[in-house]
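Residue numbers (the numbering used here): 473 to 854.
Beta carbons are placed, not taken as given, at the ideal position from N, Cα and C, and that holds for glycine.
Below: the structure, in structure tokens.
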Amino acid sequence: SRRMNSNHGIATVIDAYRKGLKGIDLARIYPAVRNAVMEKTLAPWSGKPSGELDRFYHEKGYVPALREGEEETIPEVHGFECRQPVAVTLGTSYDEWCLAQIARELGKEDDYEYFLKKSYNYRHLFNPETGFFHPKDKDGNFIEPFDYRFSGGVGARQYYGENNAWVYRWDVQHNVADLIHLMGGRENFIRNLDQTFREPLGKSKYDFYSQLPDHTGNVGQFSMANEPSLHIPYLYNYAGQPWKTQKRIHILLNQWFRNDLMGVPGDEDGGGMSAFVVFSQMGFYPVTPGIPAYNIGSPFFAKTVISLPGGKVFTVIARNFSKENKYIQSAELNGIPWEKPWFSHDDLKNGGTLELIMGNKANKQWGSASQDAPPSEGELTD
């Protein structure tokens, strides 16, 4: 297949299966999705059989970057798209996590353990000195000197893909818990997340967008206009500050999705942009396809009713709803007090009511306990 950062069609398979979509024959599908990572090249926009670059990845656990002026020798690599080594390493780590989940469902324990271990490959490119995912050369050395905003040429493709390092810093949606660990804990994670929305462009808009034409819809270095960013505002839920997710979602949707000529900040990419808006306006969002759960944000409607098969409905009610009352004060799920900033797909598909009491000041305690964080894979223990 031709793809950008690995092959996220694999995520579609496990997500649909775990959400109960009928007619999915995992045993029949598994060889195809496995081969999409193991037999096809990971070089962006290629679709050719795997080669030297892929052998390096499967042996060393990361896609190597070229140093400035170093000649490309891999025939699978597109001249314009380049290797995008950080983006591809991170994306493939997620896809290998998805493969591990499919293998687990099929009882293929050896494959499960193999791909689960590889799902931590993003760690190979994490720079503990800076807290960013940083390209390495074939010898395992970080590329230096380096600018996390502007290194990588047009679209940052020599290292990332369409967006810069500030966006790909958060591209571990299958394992946010481990990303928090890598960054030194919740406090540092929150500080880094806050700074993403504050960091200046560093150049004039003309110069910035000349180099990064897809990195638009900026709030700091965050890009509302491109799909690698869409989950980022919800990451506060994982680190004990869901009130910042609630605040940020309202700011972003009001700023970038207005009913005027500037009301769509970027391309659709298969409906990803519209899905972000629709989910977020209802008050929740699926951060990790493959984990059947939804992060709670902040609704844009007093009442949303989702019709389900068999006459069931799932209702989201926002009490005291107003433009100013964007913060959750308390919540109930089916009449039971609810302290988690997420709920499961089963909660949705079985029908029920999520009731959110809203207010104009943040309740910084609701959803803040570490044990209430949304699910993710967790730290590597062996």
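When DSSP builds the beta bridges, which residues end up paired with PRO809? GLU804
As a quick exercise: from VAL736, GLY807, LYS675, HIS703, pick the residue whose alpha carbon is nearest that of ILE721. HIS703
Per DSSP, which residues does ASN767 bridge with? Please list them. TYR757, TRP814
First and last residue of the alpha helix (DSSP H) that includes LYS610? Going by DSSP, LYS610 is part of no alpha helix (DSSP H) at all; its letter is neither H nor E.
8 Å Cβ cutoff met for VAL644 and GLU568: Not in contact: VAL644 and GLU568 (Cβ atoms no closer than 8 Å).
Roughly how many whole angstroms lie between the Cα atoms of GLY551 and ARG730? 37 Å
If we ignore side chains and look at the alpha-carbon of each, how far apart do ILE652 and ILE496 end up? 34 Å
Is GLY627 helix, strand or coil when you go by DSSP? helix
Determine the closest residue to GLU531 out of GLN556, PHE587, LYS494, with distance taken between C-alpha atoms. PHE587
Enumerate in chain order the residues of its own chain whose CB-to-CB distance from PRO705 is below 7 Å, with the five nearest sequence positions on each side excluded. THR717, ARG720, ILE721, LEU724
CB-CB length for ARG641 against PHE614, believed under 8 Å: 15 Å between Cβ atoms; not a contact.
What are the start and end residues of the beta strand (DSSP E) that includes VAL788? Residues 785-791.
Can you give me the Cβ contacts of GLU671 inside the same chain, cut-off strictly under 8 Å, excluding the 5 residues immediately before and after it? ARG621, TRP638, GLY692, GLN693
Tell me whether ILE615 sits in a helix, a strand or coil according to DSSP, three-state version. coil
Could you have a look at MET510 and say whether DSSP puts it in helix, strand or coil? helix
Applying the 10 Å Cβ sphere with the 16-neighbour rule, what's the burial state of GLY633? buried
Below 6 Å CB to CB, which residues in the same chain sit around PRO516 once its five sequence neighbours on both sides are set aside? MET476, GLU553, GLN556
Threshold first: 3 residues or longer. Then list the beta strand (DSSP E) segments lying entirely within the segment 704-748, N to C. none
Could you give the distance in angstroms between the alpha-carbon of ILE800 and the alpha-carbon of GLY603? 31 Å
With DSSP collapsed to three states, give me the class of VAL560. helix
Would you say ILE763 and PHE815 are within 8 Å of each other, going by their C-beta atoms? no
Buried or exposed: which applies to GLU548, given that a residue is buried once 16 or more other Cβ atoms fall within 10 Å of its Cβ? buried
Please classify GLU429: does DSSP put it in a helix, a strand, or coil? Outside the modelled stretch of the chain, which goes from 473 to 854, sits residue 429, for which no answer is possible.
Kindly indicate the opening and closing residues of the alpha helix (DSSP H) around VAL485. 481-490
On the DSSP letters alone, give me the boundaries of the beta strand (DSSP E) that GLU671 sits inside. Where GLU671 is concerned, there is no enclosing beta strand (DSSP E), given that its DSSP letter is neither H nor E.
DSSP bridge partner residues for LEU826 (one or two, in chain order): BP columns for LEU826 point to VAL788, LEU805.
Whose C-alpha, out of GLU659, PRO607, ARG490, ASP844, is nearest the C-alpha of THR561? PRO607
Does the segment 822-833 come close enough to the segment 622-629 that 3 or more CB-CB pairs lie under 8 Å? no
Do PRO761 and GLY839 count as a contact pair if the criterion is CB distance below 8 Å? no
Taking DSSP as the reference, what is the three-state secondary structure of SER695? Shown here, SER695 sits in a strand according to DSSP, grouped into three states.
Expected contact under 8 Å - CB spacing of ASN664 and MET655 to nearest Å: 6 Å
Do GLY850 and ASP609 have their C-beta atoms closer together than 8 Å? No, these two residues do not count as a Cβ contact at 8 Å.
Report the residue from ALA765, VAL485, ASN832 whose alpha carbon sits nearest the alpha carbon of ASN709. ALA765
Return the chain-ordered list of same chain residues with a C-beta closer than 7 Å to the C-beta of GLY689, the five sequence neighbours on each side being excluded. SER695, MET696, ALA697, TRP728, PRO737, GLY738
Quickly, what does DSSP pair TYR586 with across the bridge? List them, please. In DSSP, TYR586 forms no bridge with anything.
Confirm, please, whether the CB-CB distance from GLY783 to SER770 is below 8 Å. No. Outside cutoff.
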